[in-house]
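Q: Protein chains in written order, with the numbering used here: chain A, 2 to 149; chain B, 2 to 149. Every residue, glycine too, gets a C-beta built ideally from N, C-alpha and C. Sharing a structure below in C-alpha cells format, with a few things to ask.
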DNA sequence: ATATAAGTTAAACTCGAGTTTAAGTCAAGA
DNA sequence: TCTTGACTTAAACTCGAGTTTAACTTATAT
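This is the structure we're talking about:
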C-alpha cells in the first residue's frame, strides 16, 4: 500500500510540512517518488516514522536520529552500534521517568497545599504548618523544595 | 542568608546567564538588589527557582510560569486559579509518564531485537520471526510499531 | 478541457529558551 | 590605591525544530 504525503500526515497526525522537513533532514531513506515527482510513502515509512517519534520522545535530536536511520540503511555491520544506542536510550528514558515521578510528587504536594489554602481562605495556613501537621506523603516533596 | 548570583548559580547548577534571563522574564519577584545594584538571592528565591524547574519539567513555558509567579505575588485572591493550575499539571504529568512508559516498552523491544540480531549476525533473524517466536513482553510494542 | 485540490521547491520566517558580547561597575585583598 | 574577579546592562547571536511563503507542477473530478 502506498500513500501520498497528505494521507500519511493524516495517519500519523503530523502536518505535511513536518514530513517534508523530515525528508529533507534524511529521516526517510525508504520513501520513493512517483513518476511525477510526488512522495510515495509505504508501510515501511510508517514504521520508520514511529521509530523517529520514539527516539525523539527519548530525548534524541533529529541529527542523532538521522545517524541512526543512516545506520539502518548500512546493514548488519552497524548492529552493535544500534544495540548500544538503544541500550543508552533505555537507561536515559528510565532516568527521565524517575525525574518525572519526582516532579509529580512535588506537584501533588502543591495540590494539597492549595487545597488546604482554599479551605482556609489563605495560603498562610498550609505555609505555616509544622512538619507533623503535613501529611506523611508530602513531607519528602516539601523537603526537596525548601532549603536544606 | 543572602547569595550572589554566582553562588546561586552554583547551588542550583545553572549558568548565571540563565538566572539573569529568568530575572528579566519576571520569574524572580522576590529577588532584591544590594546598594550597589547587585542581585541578592535569598532562600525564598531558591524555593522559587525549584518551583520554576518543576513547572518547566511539567511542560509549562516560561511565559506560563511567569503568570503563575505573578499570581503568587497577588496573594490569596488567586488561590483557586493556582490550585486549578497544579491540578492540570498533575494530570498532564501523569499522561507524560504514561507516554514515556510506552516509549520505554518500544525501546526495550528494540533492545531485544538488536540483541537477537547481534547473536545471529543479521537483523533478518529477528525481523522475520513470527509472533509466536517473539517473547510475550515485546509483542504489544512490536504491534504498535508495525502497521495495523 | 478545465477548474480545483493536492503536491513540489528553495528560501525566508518564527518561536522558545537561552548564550554571548561589549562596555562598563562593584567589591575584596595586597 | 590598585588590581583582580565577580558583577551590571542592552543588544546581538545561536540553536533546534519546525512553519510559512511564493512560484510552480501534478492529479482528479466533472
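(1) Note the first and the last residue of the continuous beta strand (DSSP E) segment covering residue 41/A.
(2) Leaving aside the five residues before and after residue 83/B along the sequence, list all residues of the same chain whose C-beta is less than 6 Å from its C-beta, in chain order.
(3) Which full runs of the alpha helix (DSSP H) of 4+ residues lie inside the region 61-142 of chain A, going along the chain?
(4) Under three-state DSSP, which class holds residue 20/B?
(5) What residue range is occupied by the uninterrupted alpha helix (DSSP H) comprising residue 37/B?
(6) Please confirm whether residue 101/B has its beta-carbon closer than 9 Å to some beta-carbon of chain A.
(7) Would you list the residues sitting across from residue 3/A in a DSSP beta bridge?
(8) Between 25/B, 10/B, 42/B, which has its C-alpha nearest residue 34/B's C-alpha?
(9) Would you call the region 129-145 of chain B and the region 87-98 of chain A touching, i.e. three or more CB-CB distances under 8 Å?
(10) Does residue 59/A get closer than 9 Å to chain B when you measure Cβ to Cβ?
(11) For residue 114/B, collect the residues of the same chain with a Cβ closer than 6 Å to its Cβ; drop the 5 residues on either side in sequence, then sort them by chain order.
(12) Per DSSP, what kind of secondary structure is residue 26/B in: helix, strand or coil?
(13) Using a Cβ-Cβ cut-off of 6 Å (strictly less than) and excluding sequence neighbours within five positions of residue 145/A, which residues of its own chain qualify?
(14) Quick check on residue 12/A: does DSSP put it in helix, strand or coil?
(15) Which bits of chain A does residue 96/B rub up against, with CB to CB less than 9 Å?
(16) Since residue 3/B and residue 50/B should fall inside the 8 Å C-beta cutoff, what is the C-beta to C-beta distance between them, to a whole number of angstroms?
(17) Check whether the Cβ of residue 6/B lies closer than 9 Å to any Cβ atom in chain A.
(18) Compile a chain-ordered list of the residues in the region 115-136 of chain A whose CB is closer than 8 Å to at least one CB of chain B.
(19) Within the 9 Å Cβ cut-off, does residue 83/A reach chain B?
(20) Decide yes or no for the touch test of the region 92-111 of chain A against the region 49-64 of chain B: beta carbon pairs closer than 8 Å, at least 3 of them.
(21) I need the DSSP call for residue 55/B, collapsed to helix, strand or coil.
(22) Report all residues from its chain with a CB closer than 7 Å to the CB of residue 150/B; omit the five preceding and five following residues, and keep chain order.
(23) Mind listing the chain B neighbours of residue 51/A? Cutoff is C-beta to C-beta under 7 Å, in chain order.
(24) Could you check the C-alpha separation between residue 125/B and residue 100/B for me, to the nearest Å?
(25) Does the CB of residue 66/B have a neighbour CB from chain A at under 9 Å?
(26) Note down, in chain order, all residues in the region 23-52 of chain A with a beta-carbon under 8 Å from any beta-carbon belonging to chain B.
(27) Quick one, are the C-beta atoms of residue 148/B and residue 116/A less than 9 Å apart?
(28) Taking residue 136/B as the reference, which of 29/B, 123/B, 111/B, 119/B has the closest Cα?
(29) Taking C-beta pairs closer than 9 Å, name the residues in chain B that residue 109/A reaches, listed in chain order.
A: Once the coordinates are examined:
(1) 40-43
(2) 72
(3) 63-74, 80-121, 125-128
(4) helix
(5) No alpha helix (DSSP H) holds residue 37/B; DSSP gives it neither H nor E.
(6) yes
(7) Residue 3/A is bridged to 43/A.
(8) 42/B
(9) no
(10) yes
(11) Excluding five sequence positions before and after residue 114/B, the CB atoms of its chain that fall closer than 6 Å to its own CB belong to 127, given in chain order.
(12) coil
(13) Excluding residues up to 5 positions away in sequence, nothing lies with its Cβ nearer than 6 Å to the Cβ of residue 145/A in the same chain.
(14) helix
(15) Correct list: empty, because the minimum Cβ distance to chain A is about 11 Å.
(16) Incorrect: roughly 15 Å between the Cβ atoms, too far for contact.
(17) no
(18) 115, 116, 118, 119, 122, 123, 124
(19) yes
(20) yes
(21) helix
(22) No answer is possible for residue 150/B: it lies beyond the span of chain B, which begins at 2 and ends at 149.
(23) 146
(24) 29 Å
(25) Closer than 9 Å: no.
(26) 44, 47, 48, 51, 52
(27) no
(28) 111/B
(29) Near residue 109/A (Cβ distances below 9 Å), the residues of chain B are 87, 91.
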